[in-house]
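Asker: First residue of the sequence shown? That's 0 in numbering that gives the first Met the number 0, and the numbers climb one at a time after it.
All C-beta atoms, glycine included, are put in the ideal place defined by N, C-alpha and C.
Just so it is clear, the structure is predicted and the values come from calculations on it, not from any experiment.
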Amino acid sequence: MTLSETIQSNKSAAGFTVAAVVLSVVSGSIFLSMREAEPIIAGPGVTKQHMLSEYNPNLAGSQGDTPVFELAGEKPGGTVTILGGTHPQEIAGMMAAVLLIENAKVTQGKLMVVPQSNRSGFSHTDPMEAYLHSYTIETPNGPRWFRVGMRLSNPVDQWPDPDVFVHQPSFENLIGHETRNLNRNHPGTATGWLTGRVSNGLTALAKSSSLIFDLHEAQPEYPVINMMVVHERAFETAATAQSMMQARRIPMSIAASPKNLHGLSHREFGDHTKAESLLAETANPAMGRFRGRTSLDLVVGGKDENYIRASKLGRTFVKIDENGWPLQVRVARHLASIEEVINAYNELNPKTPIIVENIPKYKDVIEKGLGAFLKPPPKV
Ligand SMILES: [Zn+2]
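1) With contact counted as at least three CB pairs below 8 Å, one residue from each stretch, are the region 248 to 256 and the region 180 to 187 in contact?
2) Relative to ligand 1, is the shortest distance from any of its heavy atoms to the C-beta of Glu89 smaller than 7 Å?
3) Distance, Cα to Cα, Val334 vs Ala95?
4) CB Ser116 to CB Leu201, shorter than 8 Å?
5) Are there any heavy atoms of ligand 1 lying less than 7 Å away from the beta-carbon of Asn182, as far as the coordinates show?
6) Which residue or residues does DSSP assign as beta-bridge partners of Ala71?
7) Are Tyr285 and Val317 close, meaning C-beta to C-beta below 8 Å?
8) Would the region 100 to 110 and the region 73 to 88 be scored as touching if the rule is three or more Cβ pairs under 8 Å?
9) Measure the CB-CB distance between Leu99 and Ile341 and report whether it falls below 8 Å.
10) Does the beta-carbon of Ala240 have 16 or more other beta-carbons within 10 angstroms, so that it is buried, or is it exposed?
11) From the DSSP output, which residues share a beta bridge with Phe164?
12) When you compare the region 161 to 178 with the region 226 to 233, are there three or more beta-carbon pairs, one atom per stretch, that lie closer than 8 Å?
13) Within its chain, find whatever has a CB closer than 8 Å to the CB of Tyr416; leave out the 5 residues flanking it on each side and keep chain order.
14) What are the start and end residues of the beta strand (DSSP E) that includes Glu35?
15) Is Thr124 a contact residue of ligand 1, with contact defined as CB to any heavy atom under 7 Å?
16) Which residue from Tyr134, Leu214, Arg247 and Met244 puts its Cα closest to that of Asp296?
17) As a quick exercise: from Asp270, Ser8, Lys360 and His176, pick the residue whose alpha carbon is nearest that of Asp162.
18) For the alpha helix (DSSP H) holding Arg314, just list the boundary residues, first then last.
19) Identify which residue in Arg34, Gly313, Ile29 and Pro377 has its Cα closest to the Cα of Asp156.
20) Here's the rule I'm using: 16 or more other beta-carbon atoms within 10 Å means buried, otherwise exposed. How should Thr16 be labelled?
21) Leaving aside the five residues before and after Leu373 along the sequence, list all residues of the same chain whose C-beta is less than 7 Å from its C-beta, in chain order.
22) I want to check one thing, is the minimum distance from the CB of Thr85 to the heavy atoms of ligand 1 below 7 Å?
23) Sort Gly84, Lys311, Tyr130 and Ser23 by Cα distance to Ser294 and report the nearest one.
24) On the CB-based measure, 16 or more other CB atoms within 10 Å of its CB, does Glu89 come out buried or exposed?
25) If distances are taken between C-alpha atoms only, which option among Lys206, His132, Ser26 and Val147 comes closest to Thr272?
26) Distance cutoff 8 Å, beta carbons only. Does Thr65 sit that close to anything in chain D?
27) Return the CA-CA distance between Gly14 and His49, expressed in angstroms with no decimal places.
28) Let me confirm a value: Lys10 is counted as buried when at least 16 other C-beta atoms fall within 10 Å, else exposed. Which label applies?
29) Can you give, in chain order, each stretch of the beta strand (DSSP E) that sits fully within the region 217 to 285 and has at least 3 residues?
30) Taking DSSP's pairing of strands, which residues face Asp213 in a bridge?
31) With DSSP as the reference, label Thr178 as helix, strand or coil.
32) Is Lys104 helix, strand or coil when you go by DSSP?
33) In this structure, does DSSP put Gln62 in helix, strand or coil?
34) Identify, in the order they occur along the chain, each residue of the same chain with its Cβ nearer than 6 Å to the Cβ of Ala331, setting aside the five sequence neighbours on each side.
35) Excluding sequence positions up to five away, which residues of its chain have a Cβ less than 6 Å from the Cβ of Lys47?
36) Helix, strand or coil: how does DSSP classify Phe15 here?
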């Protein structure tokens, strides 16, 4: 090699090294920024803030530890626990939980809200799905930002996946990556992998609850949408709530929780605690297989041309037209379900009622938008 070739070679090596460092810094800063959780502001009804590690101390200091908001009334009564963000890409569940935290007030009994049940899952997105990392909602006082996460815990927090996930205590076998799916881990284990420990903390929370309600979303071509999936002990409550929703022209169906499908909240909280356990699903076109580009208009607006065509061809379980299925409609449905389930519980349990005021109303959320019910963004 001549001297000039050696100099050229050294220059190329230096160039590659600089490029590698720049790439590492850029990707590292994106990775770290994804670990930052969005601000959730305690409204006037919040009486205490906890972390889930109070319910399972083995979560302390981990990415699975997550805020729990308590809204307690002055009079004793029942306790309802609301879980958002079990599956962090199903954003209506988390947003409905946030609207409760920032608006609701309890006069009797207690409301416990976990907005980011799988907090690790909020720190990444599925690389094959091209999801947005976050989205914003305009409020009268400026924009608020929120995460779009992934169905599974972040592999950075729980790795590697086994070939086969053996659910405890049923010994049901599932594909290995489901070991990071919070809604296949219930009732969880006090020690062991992160997602199981998170589930164990939530099960402890369910043990002190009269009702526990897990908020989800699914693709419009999935039959279990605009539906409550209900443990058999919660059936009377759910059926009473359903009839009230039908009367309000908010169609809602009910499915019984399958007895042999293990790890799911509606089954395991119902079997392992005294709480009545329910799960609700809304239709989210941003999660579906027919969708086009995962734009903000799709994630927040719920609008997608392919879905309008799919709906016309009868391939979806809800009608989808040019209005789409906007986030505010899906959140309004979740809030109406919560309101009617609490009303039904109170009717059936008059000695231990849960009186929750200021749950944003279905029509108001749809007409005024989510921003009207969100607190101003915190000053930085
Ligand atoms: Zn889900």
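Answerer: Let me lay it out:
1) Flag = no, the region 248 to 256 and the region 180 to 187 do not touch.
2) At least one heavy atom of ligand 1 is nearer than 7 Å to the Cβ of Glu89, so yes.
3) Strictly speaking, residue 334 in this sequence is Leu, with Val absent from that position. Inter-residue distance for Leu334 and Ala95 is about 6 Å (C-alpha atoms, whole angstroms).
4) Contact: yes.
5) Yes, the Cβ of Asn182 comes within 7 Å of a heavy atom of ligand 1.
6) Per DSSP, Lys109.
7) Checking the sequence shown, residue 285 turns out to be Ala, not Tyr. No.
8) In this structure the region 100 to 110 touches the region 73 to 88; the number of beta carbon pairs closer than 8 Å is three or more.
9) Their beta carbons are not under 8 Å apart, which means Leu99 does not touch Ile341 by this criterion.
10) Buried, because 16 or more other Cβ atoms sit within 10 Å of the Cβ of Ala240.
11) Partner(s): Leu173.
12) Touching, no.
13) As displayed, the chain neither begins before 0 nor continues past 379, which places residue 416 out of reach and without an answer.
14) Run containing Glu35: none; DSSP gives neither H nor E here.
15) Taken from the Cβ of Thr124, every heavy atom of ligand 1 lies 7 Å or farther away.
16) Nearest neighbour of Asp296 by Cα position, chosen from Tyr134, Leu214, Arg247 and Met244, turns out to be Tyr134.
17) Distances from the alpha-carbon of Asp162 to those of Asp270, Ser8, Lys360 and His176 put His176 closest.
18) The continuous stretches of alpha helix (DSSP H) do not include Arg314, and DSSP gives it neither H nor E.
19) Checked all of Arg34, Gly313, Ile29 and Pro377; the closest Cα to Asp156 is Arg34.
20) Thr16 comes out exposed.
21) Within the same chain, Leu373 has close Cβ partners Glu101, Ile136, Thr138 and Arg143.
22) Closer than 7 Å to some heavy atom of ligand 1: that describes the Cβ of Thr85.
23) When each option's Cα is compared against that of Ser294, the closest is Tyr130.
24) Glu89 is buried by the Cβ-count criterion.
25) Checked all of Lys206, His132, Ser26 and Val147; the closest Cα to Thr272 is Lys206.
26) Protein chain content of the structure displayed is limited to a single chain, and chain D is not contained in it.
27) Cα to Cα, Gly14 sits roughly 50 Å from His49.
28) Exposed, since its Cβ has fewer than 16 Cβ neighbours within 10 Å.
29) Here the runs fully enclosed are 226 to 229, 252 to 255 and 275 to 282.
30) Paired residues: Leu82 and Leu278.
31) Helix.
32) Lys104: strand per DSSP, three-state reduction.
33) Of the three classes helix, strand and coil, the one that applies to Gln62 here is coil, per DSSP.
34) Non-local C-beta neighbours of Ala331 in its own chain, meaning closer than 6 Å and more than five positions away in sequence, comprise Tyr361, Val364 and Ile365, ordered along the chain.
35) Excluding positions up to five away in sequence, the list reads Glu69.
36) Phe15: helix per DSSP, three-state reduction.
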